[in-house]
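K.L.:
In the UniProt record's numbering, the protein residues as written are 1 to 205. First the structure, which I've put down as structure tokens, then a few questions once you've had a look.
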Amino acid sequence: MRSLLVVDHRTETEGAMADPQLDQLSKKETPKYLLENYGYQVLRAVDEKKAELQMVAADAVVLHVPLNEVKQWGRRLLKQKTVPLLWWCSAAAASQSAAFCEDDIQVDGILTPSMSEQELHWALHFGSKQCFERLQWMNERKQLESRLEERKWIDMAKGILCKIKNISEAEAYDVLRKQAMNERKRMVDVATSIVKVYQILQDQK
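Structural data, given as structure tokens:
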């Protein structure tokens, strides 16, 4: 992880900042200065358009914004690409975020201006691990939800077959399985068709 996209409130003129509190940061406390000093390539953005363009080359996103803005930035940027999302917790950003500490905000790690090079390196390393573990968990959750949805359609179709054919659930399952094999379709697709046709017929009664 070498290329970091830093999003902050500073304007393109280094001296002026959108927020008076963040304006009080010395140059040596800024994420751009410290990260570059530790050997990272910093892609800096102060607006949505530039940040989205910079995402292509970014290995991680570092947000130097109040905590209540982290979620909207993360949602916008991570649509393009999955990378670790870290919050730069300067004294100014922390003081602006006190009211939002209980909010549901997903970040993969926190960086601070007081971190040494080694501390920052390890924070980024564990942030990267956290990001991809979260991604794996989300994928597993989607797969589980998909299987549950398929199970729902199959159970509904079995119930319909039991009712109209006067057969057991085991026999209804065999009917579905054989039909899926004959049509070279997934069982859930056959089940969905049966349920939808049955619902149409019921609506026409």
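Quick reminder that beta carbons are idealized off the backbone N, C-alpha and C, glycines included.
Who does residue 292 pair with in a DSSP beta bridge?
P.N.:
What is shown of the chain runs 1 to 205, which leaves residue 292 out entirely.
K.L.:
Any idea if threonine 192 is buried or exposed, counting beta-carbon neighbours within 10 angstroms, 16 or more meaning buried?
P.N.:
Classification for threonine 192: buried.
K.L.:
Can at least three beta-carbon pairs, one atom from the segment 99-108 and one from the segment 67-83, be found at a separation below 8 Å?
P.N.:
Flag = yes, the segment 99-108 and the segment 67-83 touch.
K.L.:
Tell me the rounded alpha-carbon separation between asparagine 182 and valine 190.
P.N.:
Computed Cα separation, rounded: 11 Å.
K.L.:
Going by the beta-carbon positions, is the gap between arginine 141 and aspartate 59 smaller than 9 Å?
P.N.:
Contact: no.
K.L.:
I need the straight-line Cα distance from methionine 156 to glutamate 150, nearest angstrom please.
P.N.:
About 10 Å.
K.L.:
Express the C-alpha separation of valine 7 and alanine 93 in angstroms, rounding to a whole number.
P.N.:
C-alpha separation (whole angstroms): 13 Å.
K.L.:
Starting from alanine 60 and walking both ways along the beta strand (DSSP E), at which residues does that stretch end?
P.N.:
Taken as a continuous stretch (DSSP letters only), the beta strand (DSSP E) holding alanine 60 covers 60-64.
K.L.:
Can you tell me the Cβ-Cβ gap for aspartate 108 and glutamine 130, rounded? I've got them flagged as a contact below 8 Å.
P.N.:
Their Cβ separation, rounded to whole angstroms, is 4 Å, which keeps aspartate 108 and glutamine 130 in contact under 8 Å.
K.L.:
By Cβ distance below 7 Å, which residues in the same chain neighbour lysine 81 in space, the five residues on each side in sequence not counted?
P.N.:
The answer, listed in chain order, is Met55.
K.L.:
Return the first residue and the last residue of the beta strand (DSSP E) that isoleucine 164 is part of.
P.N.:
First-last for isoleucine 164: 117-165, but that is the alpha helix (DSSP H), not the beta strand (DSSP E).
K.L.:
Taking C-alpha atoms, which residue in Ser95, Leu5, Glu117, Gly127 lies nearest to isoleucine 110?
P.N.:
Out of Ser95, Leu5, Glu117, Gly127, Gly127 has the C-alpha closest to the C-alpha of isoleucine 110.
K.L.:
If the criterion is Cβ atoms closer than 9 Å, does the pair arginine 44 and leucine 86 meet it?
P.N.:
Going by C-beta atoms, arginine 44 is not nearer than 9 Å to leucine 86.
K.L.:
Please identify the residue among Arg184, Glu133, Gln118, Gln202 whose C-alpha is closest to the C-alpha of cysteine 35.
P.N.:
Correcting the residue type first, residue 35 is leucine in the shown sequence and not cysteine. When each option's Cα is compared against that of leucine 35, the closest is Gln118.
K.L.:
According to DSSP, is aspartate 203 helix, strand or coil?
P.N.:
Three-state result, aspartate 203: helix.
K.L.:
Can you tell me whether tryptophan 137 is buried or exposed? The criterion is at least 16 other CB atoms within 10 Å of its CB, across all chains shown.
P.N.:
So tryptophan 137 counts as exposed.
K.L.:
Using alpha carbons as the reference points, say which of Ser90, Val62, Lys27 lies closest to valine 42.
P.N.:
For valine 42, the nearest C-alpha among the options comes from Val62.
K.L.:
What do you reckon, are the CB atoms on alanine 51 and arginine 76 nearer than 9 Å?
P.N.:
Yes, the Cβ-Cβ distance between alanine 51 and arginine 76 is below 9 Å.
K.L.:
Using a Cβ-Cβ cutoff of less than 6 Å, which residues in the same chain neighbour leucine 31 once the five nearest sequence positions on both sides are dropped?
P.N.:
A small fix is needed here, since residue 31 is proline in this sequence, not leucine. Cβ within range, chain order: Val6, Val62, His64, Trp88.
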